[in-house]
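What follows is a short report on a single structure.
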Amino acid sequence: MEASTDIDRLLEIMAALRQPETGCPWDIVQTFETIKPYTIEEAYEVADAIERKDPDDLCEELGDLLLQVVFHARIAEEEGLFSFGDVVEAISRKMIRRHPHVFARSDADTPEAVKAQWDTIKQEEKAERLARRAARGSAADPDTGYLGSVQRSFPALTEALKLQERAAKVGFDWSEATPILDKIEEEIGELREALAENKPDKVKDELGDLIFALVNIGRHVGAEPEQALRGTNTKFRNRFRHIETSLHASGETLEAASLERMEELWQAAKSLTRPIG
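Take my numbering: the final residue in the sequence shown is number 1718, and no numbers are missing along the way.
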C-alpha cells in the first residue's frame, strides 16, 4: 500500500490496521475511550506547532489529528453507529446551514451579525438534537440550565472563559475591566488567609477563585487566557534554557547551581528579551 493525497487511502489504511486477522495488535484493541487522550494530545500539538510558527510540524500534526478523526469513525462504523462519510456529511451540512450569508440569503453583513446568526442557528440545532434523542428513547441532555451548553470537557481555563462569556450574554458581567482588578486583589487576600490557616482544601478553593478572576480580566481586555498562558510558558522555557546553557558554558550544572546563581542568569535572560523603547 502506498501513500496518497486521496482521503480514501487513509480510510483504507485504518481499515487494514483494524482488520482482526491481519491488522496491528495495538490498533485492533483500541476503543473510543482508550484513544481519547491521544485525540486531545494531538489537538494540543497542532496548537503548539502554530505557536512555534513551524509549517512543517503543523502539516504533520494536522495529519495526526486527522488520523484521530478517522480512527474514531472507523470504530463507530464497526459498531454500526456511523461512518467517516457521515462525519463529513454532518459537518458539511452544519457549515452550510450556519453560513446562510454565503450559501443562501441573509442580511448578516458584519462580523457581529454573523456571530448572532451563528448562535441562533446553534440553538435551533440543539433543540433538534434533543428531539432526536427523545424520539429514539435516549437520555435527556445531561447538562441542563443556561450554562449547560458549556462543555465540561474543555480545559479548565477554556471552560472558565466559556462560562463567563455565556453568563455575560444575559448581563451577568462586569461593566469594565478595572473593578476586576479589585476582585483579584480581594481573592489574593483570601488566598493569603487560607495559606496562613494552613488549610489545603481552602487554599485550593481560593486559588481556583483567583484564577477564575484572572480569566475574567483577560476576557475583558481581549487576552485569551489559554493563549496568554501558552505565551508565558514559551517565555519560561526560553529563559530557563538560557540558565541551562549559560551554566553549561561555564562548567556548571543545574543540579549544583544555587538559587541565587540561577536567579542571576534568569534576570540576564529577561534583559535579553525585554523590548526596547
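Beta carbons are placed, not taken as given, at the ideal position from N, Cα and C, and that holds for glycine.
What are the complete beta strand (DSSP E) segments, minimum 3 residues, inside the stretch 1590–1655? Qualifying beta strand (DSSP E) stretches: none in this window.
Quick check: I1469 and Q1509, are their CB atoms within less than 8 Å of each other? Along the sequence shown, one-based indexing puts residue 1469 at 28. Along the sequence shown, one-based indexing puts residue 1509 at 68. Contact annotation: I1469 and Q1509 have beta-carbon atoms that are not nearer than 8 Å.
With burial defined as no fewer than 16 other Cβ atoms inside 10 Å of the residue's Cβ, what is the status of A1710: buried or exposed? Translated into positions along the sequence shown, residue 1710 becomes position 269. A1710 should be labelled buried.
Where do the ends of the alpha helix (DSSP H) carrying E1565 lie? The residue labelled residue 1565 in the question sits at position 124 within the sequence shown. Unbroken alpha helix (DSSP H) run through E1565: 1552–1576.
Which same chain residues end up closer than 8 Å to D1614 when comparing Cβ atoms and leaving out the 5 residues on each side of it in sequence? Numbered from 1 along the sequence shown, position 173 holds the residue referred to as residue 1614. Only Q1605, A1608 meet the Cβ criterion.
May I have the straight-line CA-CA distance separating G1589 from K1603, to the nearest angstrom? Working through the sequence shown from its first residue, we reach residue 1589 at position 148. Working through the sequence shown from its first residue, we reach residue 1603 at position 162. Counting only the Cα atoms, K1603 lies some 11 Å from G1589.
Out of E1501, A1597, E1483, I1516, point me to the one whose CA is closest to P1461's CA. Working through the sequence shown from its first residue, we reach residue 1461 at position 20. Nearest option by C-alpha distance: I1516.
With distances taken Cα to Cα, identify the nearest neighbour of S1712 among L1688, E1696, R1680, R1702. Here the question's residue 1712 lines up with position 271 in the sequence shown. Among L1688, E1696, R1680, R1702, the Cα nearest to that of S1712 belongs to R1680.
Note down, in chain order, each residue of its chain lying with its Cβ closer than 6 Å to the Cβ of D1650, except the 5 sequence neighbours on either side. For the purposes of this step, residue 1650 is taken as residue 209 along the sequence shown, with counting starting at 1. These residues qualify, in order along the chain: E1628.
Quick check: the Cα distance between S1445 and L1451, rounded to an integer number of angstroms? In the sequence shown, residue 1445 corresponds to position 4, counting from 1. In the sequence shown, residue 1451 corresponds to position 10, counting from 1. Rounded to the nearest angstrom, the gap between the Cα atoms of S1445 and L1451 is 8 Å.
What residue from L1632, R1574, L1655, F1653 has the CA that sits closest to V1644's CA? In the sequence shown, residue 1644 corresponds to position 203, counting from 1. Per the C-alpha coordinates, the member of L1632, R1574, L1655, F1653 positioned closest to V1644 is L1632.
Could you name each continuous alpha helix (DSSP H) segment of 4 residues or more that falls completely within the stretch 1499–1559, going from the start of the chain to the end? DSSP assignment within the stretch 1499–1559 yields the following whole alpha helix (DSSP H) runs of 4 residues or more, N-terminal first: 1525–1538, 1541–1544.
Verify whether the separation of the beta carbon atoms of A1514 and V1528 is less than 8 Å. Sequence index remark: in the sequence shown, residue 1514 carries index 73 (1-based). Sequence index remark: in the sequence shown, residue 1528 carries index 87 (1-based). Contact: yes.
For E1693, which residues of its own chain have a beta-carbon under 8 Å away from its beta-carbon, when the five flanking residues on both sides are left out? Stepping through the sequence shown from its first residue, residue 1693 is reached at position 252. Same-chain partners within the cutoff: R1702.
What does a CB cutoff of less than 7 Å around A1591 pick up in its chain, not counting 5 residues either side in sequence? For the purposes of this step, residue 1591 is identified with residue 150 of the sequence shown, where counting begins at 1. According to the sequence as given, residue 1591 is Val; it is not Ala. Answer for V1591: E1600, K1603, L1604, R1607, listed in chain order.
In the structure shown, what three-state DSSP assignment does R1493 receive? The residue given as residue 1493 occupies position 52 in the sequence shown. Of the three classes helix, strand and coil, the one that applies to R1493 here is coil, per DSSP.
Cβ atoms of I1658 and A1618: under 8 Å apart, would you say? The sequence position of residue 1618 within the sequence shown is 177, counting from 1. The sequence position of residue 1658 within the sequence shown is 217, counting from 1. Yes, they are a contact pair.
Alpha carbon to alpha carbon, how far is L1499 from A1490? Looking up residue 1499 in the sequence shown gives position 58. Looking up residue 1490 in the sequence shown gives position 49. Answer to the nearest angstrom: the Cα atoms are 5 Å apart.
A1664: first and last residue of the uninterrupted alpha helix (DSSP H) it sits in: By 1-based counting over the sequence shown, the position of residue 1664 is 223. Here A1664 belongs to no alpha helix (DSSP H), and DSSP marks it neither H nor E.
Write down the C-beta distance between A1654 and I1684 rounded to the nearest angstrom, noting that I regard them as a contact closer than 8 Å. Counting from 1 along the sequence shown, the entry for residue 1654 is found at position 213. Counting from 1 along the sequence shown, the entry for residue 1684 is found at position 243. Contact between A1654 and I1684 does not hold, since the beta-carbon distance rounds to 31 Å and is not under 8 Å.
L1695 in three-state terms, based on DSSP: Taking the first residue of the sequence shown as 1, we reach residue 1695 at position 254. Per DSSP, reduced to three states, the secondary structure at L1695 is coil, with no helix or strand assignment.
Can you list, in chain order, the residues of its chain with a C-beta nearer than 8 Å to that of V1656? Leave out the 5 residues immediately preceding and following it. As a first step, residue 1656 is located in the sequence shown; it is residue number 215 there, counting from the start. L1598, A1601, L1602, Q1605, P1666.
Rounded to whole angstroms, what's the CA-CA distance from R1570 to K1563? Just pull it up for me. Sequence index remark: in the sequence shown, residue 1570 carries index 129 (1-based). Sequence index remark: in the sequence shown, residue 1563 carries index 122 (1-based). When rounded, the distance between both Cα atoms is 10 Å.
Assuming A1800 contacts E1647 (C-beta within less than 8 Å), just tell me the rounded distance between them. The structure shown does not extend to residue 1800, since the chain is modelled only from 1442 to 1718, so the question has no answer here.
From F1677 to V1487, what does the alpha carbon distance come to, in whole angstroms? Indexing the sequence shown from 1 puts residue 1677 at position 236. Indexing the sequence shown from 1 puts residue 1487 at position 46. Per the coordinates, the alpha-carbon of F1677 lies some 20 Å from the alpha-carbon of V1487.
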